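Trainee: After the structure tokens below, expect a handful of questions from me.
There are 2 protein chains.
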Amino acid sequence: MTAARPAAPLVVDPAGHVTVPLGFVAGAGSADVRGHGDARLDVAILYSREPCASAALFTRSAVRSATVQVCVEHAQRPAPSGLRAVIVNSGNANASTGPQGLADARRMTEVVAATLGLDPREVGVASTGVIGRPLPIERIATVVPGMKLSRVGGARFAQAIMTTDTRPKQVAVEFSLGDASARVAGCAKGSGMIHPDLGTTLAFITTDVAVPANDLRRWLTETADDTFNMVTVDGDTSPSDTLLCFANGASGLSSSEPDVAAAFRDALEAVCRHLARSIAADGEGAGHLIEVRTVRAPDREAARRVARTIAGSMLVKSAIHGRDPNWGRVVAAAGRAGVPLVEERMSVDFAGVRVFDCGRPLPIDEPALRQALAAPEVSISVDLGLGEAAATAWGCDLTPEYVHINADYTT
Amino acid sequence: MTAARPAAPLVVDPAGHVTVPLGFVAGAGSADVRGHGDARLDVAILYSREPCASAALFTRSAVRSATVQVCVEHAQRPAPSGLRAVIVNSGNANASTGPQGLADARRMTEVVAATLGLDPREVGVASTGVIGRPLPIERIATVVPGMKLSRVGGARFAQAIMTTDTRPKQVAVEFSLGDASARVAGCAKGSGMIHPDLGTTLAFITTDVAVPANDLRRWLTETADDTFNMVTVDGDTSPSDTLLCFANGASGLSSSEPDVAAAFRDALEAVCRHLARSIAADGEGAGHLIEVRTVRAPDREAARRVARTIAGSMLVKSAIHGRDPNWGRVVAAAGRAGVPLVEERMSVDFAGVRVFDCGRPLPIDEPALRQALAAPEVSISVDLGLGEAAATAWGCDLTPEYVHINADYTT
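Chains Z and W are the protein sequences, given in the same order. Note that my numbering has the first sequence beginning at 401, numbered continuously upward. Note that my numbering has the second sequence beginning at 401, numbered continuously upward.
See the structure below:
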């Protein structure tokens, strides 16, 4: 992505949130969506005070949630008017909920529109949680009108969209050009049912750069392909995957200037990459972030497939949980990726150690390799020896905790 | 498979083994392949005393083990002379082992050939276990000449090919036509790295029916597609998958007679189905066999994809481990199978209970459903409402034990 061009330096705040860019406010409340009777934050709103351009990517699942169906309708409104706000709930995906689910998702946008003085079609909607249960729509509708939206509300927003996440995933990036500065920020919901396909898990990105909707969509798609779409936690693409991006121009900088466009795209990629890595690192039950790099692949698609297949292999994931230097599983996973390979040209570095070289196993210092596997981040690099293409995928180890979390999710 | 034709009744012996068909002998020994210094059976030989027809299917992985490469060479000899014997070791896959691995695999066939007075190219070879470690070839070569092969050796053969299997997987089937009778038997190695693609895990099938090699290969391929290739334990296709079938005609019955051919094919399918279900039921750490049935799919490939995707979903597998009636994950898995679906036409039965009907969730009796999920075999049925095609896939639940087993496999 970062070709040879003079790039504006980025300042990254890993605790920054979606209301760091100018002109955005957010807030969250508790509607007891799960019905547990607790006060957990589970409904959130993000809003641009000024009209803005927006871009949206959604799950490629053949079974889209009711919420996604309504959000698609609203996002596909004729330009130039884009989405200006989004309401999100956690605890219930509003998926496989039939006609009532569609009515409930529409109602969520209507109550936000009434509160903020918008057209309902200017409001996006996203839901995450259990599939196949009716939404407690009255409780959600009740909490919206009194919700306080503010310039510091982004942190609460990131918190309210979590399900089994152990921590919020958010980041803000700022760049300066001359006397002017601008920002891109984002937050995401991760953890389980993570295997994005075009869209991603729930993720929301804001920027105060002015970007035309068409460019925003194109750049978001390209960036998502190299970031969100290279994350796998469990291979299960969700019917709810949604990625929304809002660009309101409040900084005064516009992507019509090439250096702003370049800096914006760098910042966008930094935000998406940070969120993608955060999702993998906080995969359900995960103890390790796994970064898989494929190099010298025959083409980009082959590089992506091999990297994703290795990152998603249950046997590789289990081995890394156990700090087991069982690198043969990496070769085996590459072999089933559906890409023609020549084993005699393959080499593998496992946790930074060359273990397989042009088709031959090398003697390994097993205690040292086990030690390297104890790091919170484990890298796997596979040189296919066949071409020039490269790709990176992120995953996490498979642990007994993953099973515990998912064996008892609805209760 | 069983079209409307008068079928000879099958007598099934779930403890029957590969030397039940006439003319086959087998044996096993201990070569301490794992290097643990124990006397575990880990090398086995199966042999037809008379020349026989054979058919072989192998992994579609782009990275085939050295053992598979040698077995492919030998299996592809010009007809009519087929394989007559096979040597198998567990504890080491002889995969990703470079040129030495190829030499070792050839040596295994040579030592069997010398002992039995065969051409090495009449001997197949199969290996299962850890990837990327040199085979202790001298210990294997030493154990072969003294190995006792007998008519009751099939049980030891089935035992010797196990890795993390908790029990041998074998079955024998007999059918009678008039005064004559014939048999088909098989055994398989299952448990982990199970997601067959064309071939399967290690499986060996014997019959004393005379079947020409071409028919044997065609019928084996068709049967494997509906049985072994519909099993998934962890989505990881192995570089070692091998399915060998031997037909020696010792019963005096020949598939050139249509009623024998029909009975043989029924028996072959019964054997493969039994082994496929046994592999799923004994998946690593598994507590439940999961049988997924797709009906009214637009075509057979769609039916197969949806069934396999559901059976392989980590979230579905985790839910069943936890007896969690979280059927929404079934719909979500179907949605990401890469098949166009219409949710309004979909219905789902979960453990025999209709939970989703033409796109609408039904109220469920959760305690009763939890009770149904306690059974050792859990059925999931998905009606796509789009056509006439159907398919069945088998899988198992995902448990903390799976992770424990695979987190510490090489040690």
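Cβ atoms here follow ideal geometry from the backbone N, Cα and C, with glycine treated the same way. Fair warning: this is a prediction, and the values are worked out from it, not measured in the lab.
In chain W, which residues lie with their C-beta within 7 Å of the C-beta of Z:T637?
Mentor: Reading the first sequence from its first residue, position 237 is the one you call residue 637 of chain Z. The contacting residues are R736.
Trainee: Please confirm whether W:P776 has its beta-carbon closer than 8 Å to some beta-carbon of chain Z.
Mentor: Indexing the second sequence from 1 puts residue 776 of chain W at position 376. Chain Z, which has no Cβ nearer than 8 Å to the Cβ of W:P776, makes this no.
Trainee: At a CB-CB cut-off below 7 Å, which residues of chain W make contact with Z:A807?
Mentor: The residue you call residue 807 of chain Z lines up with position 407 of the first sequence. The contacting residues are S718, A719, H721, G722, D724.
Trainee: From the DSSP secondary-structure annotation, give me the bridge partner or partners of W:S581.
Mentor: Reading the second sequence from its first residue, position 181 is the one you call residue 581 of chain W. In the DSSP output, where bridge partners are listed per residue, W:S581 has W:S576.
Trainee: Can you look up Z:A768 in the DSSP assignment and give me helix, strand or coil?
Mentor: Locating residue 768 of chain Z in the first sequence gives position 368, counting from the first residue. Looking at Z:A768 - three-state DSSP - the assignment turns out to be helix.
Trainee: Answer with yes or no whether the minimum CB distance from Z:G683 to chain W is below 8 Å.
Mentor: As a working mapping, residue 683 of chain Z is identified with position 283 in the first sequence. False, the Cβ-Cβ gap to chain W never drops below 8 Å.
Trainee: Return the first residue and the last residue of the beta strand (DSSP E) that Z:C796 is part of.
Mentor: Stepping through the first sequence from its first residue, residue 796 of chain Z is reached at position 396. 789-796 is the span of the beta strand (DSSP E), which, as asked, contains Z:C796.
Trainee: Could you tell me the alpha carbon to alpha carbon distance between Z:V418 and Z:A734, rounded to whole angstroms?
Mentor: Reading the first sequence from its first residue, position 18 is the one you call residue 418 of chain Z. Reading the first sequence from its first residue, position 334 is the one you call residue 734 of chain Z. For Z:V418 and Z:A734, the distance between alpha carbons rounds to 38 Å.
Trainee: Using the Cα positions of W:V411 and W:G795, report the straight-line distance between them to the nearest angstrom.
Mentor: The residue labelled residue 411 of chain W in the question sits at position 11 within the second sequence. The residue labelled residue 795 of chain W in the question sits at position 395 within the second sequence. For W:V411 and W:G795, the distance between alpha carbons rounds to 26 Å.
Trainee: Examine the Cβ distances between the segment 482-498 of chain W and the segment 426-446 of chain W and report whether three or more of them are shorter than 8 Å.
Mentor: A contact exists between the segment 482-498 of chain W and the segment 426-446 of chain W.
Trainee: Step through the CB atoms of chain W and report whether any lies within less than 8 Å of the CB of Z:T497.
Mentor: In the first sequence, residue 497 of chain Z corresponds to position 97, counting from 1. With 8 Å as the cut-off, Z:T497 counts as an interface residue toward chain W.
Trainee: Does the beta-carbon distance from W:D565 to W:K548 come in below 8 Å?
Mentor: Within the second sequence, the letter at position 165 stands for residue 565 of chain W. Within the second sequence, the letter at position 148 stands for residue 548 of chain W. No.
Trainee: Cβ closer than 7 Å: which chain Z residues qualify as neighbours of W:G423?
Mentor: Position 23 of the second sequence, counting from 1, holds the residue named residue 423 of chain W. Result: empty, since nearest Cβ-Cβ is about 36 Å, beyond 7 Å.
Trainee: In chain order, which beta strand (DSSP E) runs of at least 3 residues are fully inside the segment 424-506 of chain Z?
Mentor: Segments of the beta strand (DSSP E) lying fully in the segment 424-506 of chain Z: 424-429, 443-448, 453-458, 485-492.
Trainee: Could you work out which residues of chain W lie near Z:R760, taking near to mean beta carbons separated by less than 7 Å?
Mentor: Your numbering for residue 760 of chain Z matches position 360 in the first sequence. Within chain W, the residues near Z:R760 are G498.
Trainee: Could you check the C-alpha separation between W:G517 and W:S430 for me, to the nearest Å?
Mentor: The residue you call residue 517 of chain W lines up with position 117 of the second sequence. The residue you call residue 430 of chain W lines up with position 30 of the second sequence. About 22 Å.
Trainee: W:S461 versus chain Z: which residues are under 8 Å apart at the beta carbon?
Mentor: Within the second sequence, the letter at position 61 stands for residue 461 of chain W. Ordered by position in chain Z, the residues that pass the 8 Å Cβ test against W:S461 are A732, G735, R736.
Trainee: Report the option in Z:A719, Z:L784, Z:E788 whose CA atom is closest to the CA atom of W:Y802.
Mentor: Against the second sequence, residue 802 of chain W aligns to sequence position 402. W:Y802 has its Cα closest to that of Z:A719, out of Z:A719, Z:L784, Z:E788.
Trainee: Quick check: W:A650 and W:L422, are their CB atoms within less than 8 Å of each other?
Mentor: On the second sequence, residue 650 of chain W is found 250 positions in, with the first residue counted as 1. On the second sequence, residue 422 of chain W is found 22 positions in, with the first residue counted as 1. Cβ atoms of W:A650 and W:L422: closer than 8 Å.
Trainee: Any chance the segment 755-775 of chain W sits against the segment 675-685 of chain W, with 3 or more Cβ pairs inside 8 Å?
Mentor: At 8 Å Cβ cutoff, the stretches do not touch.
Trainee: With a cut-off of 8 Å, do at least 3 Cβ pairs link the segment 494-508 of chain W to the segment 523-540 of chain W?
Mentor: Contact holds: three or more Cβ-Cβ distances are below 8 Å.
Trainee: Where do the ends of the beta strand (DSSP E) carrying W:C645 lie?
Mentor: As a first step, residue 645 of chain W is located in the second sequence; it is residue number 245 there, counting from the start. From DSSP, the beta strand (DSSP E) with W:C645 extends over 642-647.
Trainee: How about Z:V609 and Z:S655: are their beta carbons less than 8 Å apart?
Mentor: Start at 1 with the first residue of the first sequence, and residue 609 of chain Z comes out as number 209. Start at 1 with the first residue of the first sequence, and residue 655 of chain Z comes out as number 255. In this structure, Z:S655 lies closer than 8 Å to Z:V609 by Cβ.
Trainee: What residues in its chain sit with their C-beta under 6 Å from that of W:D413, if we drop five residues either side in the sequence?
Mentor: Here residue 413 of chain W is taken as the residue at index 13 of the second sequence, counted from 1. Closer than 6 Å at Cβ, skipping near neighbours: A572.
Trainee: Grouping DSSP H, G and I as helix and E and B as strand, with all else coil, what is Z:R677?
Mentor: Within the first sequence, residue 677 of chain Z is the residue found at index 277, counting from 1. Note: Z:R677 maps to helix in three-state DSSP.
Trainee: May I have the straight-line CA-CA distance separating Z:P568 from Z:A603, to the nearest angstrom?
Mentor: The sequence position of residue 568 of chain Z within the first sequence is 168, counting from 1. The sequence position of residue 603 of chain Z within the first sequence is 203, counting from 1. Cα-Cα distance, rounded: 12 Å.
Trainee: Going by DSSP, name the residue or residues bridged to Z:A610.
Mentor: Position 210 of the first sequence, counted from the start, is the residue given in the question as residue 610 of chain Z. In DSSP, Z:A610 forms a bridge with Z:S654.
Trainee: In this structure, does DSSP put W:S718 in helix, strand or coil?
Mentor: Locating residue 718 of chain W in the second sequence gives position 318, where the first residue counts as 1. W:S718 falls in the helix class under three-state DSSP.
Trainee: Going by C-alpha distance, which of Z:W619, Z:L668, Z:D615, Z:A661 is nearest Z:I605?
Mentor: Taking the first residue of the first sequence as 1, we reach residue 605 of chain Z at position 205. Ranking the options by Cα distance to Z:I605, first place goes to Z:L668.
Trainee: Using DSSP with H/G/I as helix, E/B as strand and the rest coil, what is Z:T509?
Mentor: The residue you call residue 509 of chain Z lines up with position 109 of the first sequence. Three-state DSSP puts Z:T509 in a helix.
Trainee: Show which residues of chain W have a CB atom less than 7 Å away from the CB atom of Z:S531.
Mentor: Residue 531 of chain Z sits at position 131 when you count from the first residue of the first sequence. It is Ile, not Ser, that sits at residue 531 of chain Z in the sequence shown. In chain order: G728, R729, V731, A732.
Trainee: How far does the alpha helix (DSSP H) with Z:I805 in it extend, from its first residue to its last?
Mentor: One-based indexing of the first sequence puts residue 805 of chain Z at position 405. Its alpha helix (DSSP H) spans residues 800-807.
Trainee: List, in chain order, every chain Z residue whose beta-carbon is nearer than 8 Å to that of W:V739.
Mentor: If you number the second sequence from 1, residue 739 of chain W lands on position 339. Those are A462, listed as they occur along chain Z.
Trainee: Based on DSSP bridge pairs, tell me the residues matched to W:G554.
Mentor: Taking the second sequence and counting its residues from 1, one reaches residue 554 of chain W at position 154. Paired residues: none, contrary to the question.
Trainee: Would you mind working out which of W:V631, W:A670, W:I780, W:D519 sits nearest W:G752, comparing C-alpha positions?
Mentor: Working through the second sequence from its first residue, we reach residue 752 of chain W at position 352. Ranking the options by Cα distance to W:G752, first place goes to W:I780.
Trainee: Taking Cβ positions, are W:V544 and W:V512 nearer each other than 8 Å?
Mentor: The residue given as residue 544 of chain W occupies position 144 in the second sequence. The residue given as residue 512 of chain W occupies position 112 in the second sequence. Cβ distance < 8 Å, so W:V544 and W:V512 count as in contact.
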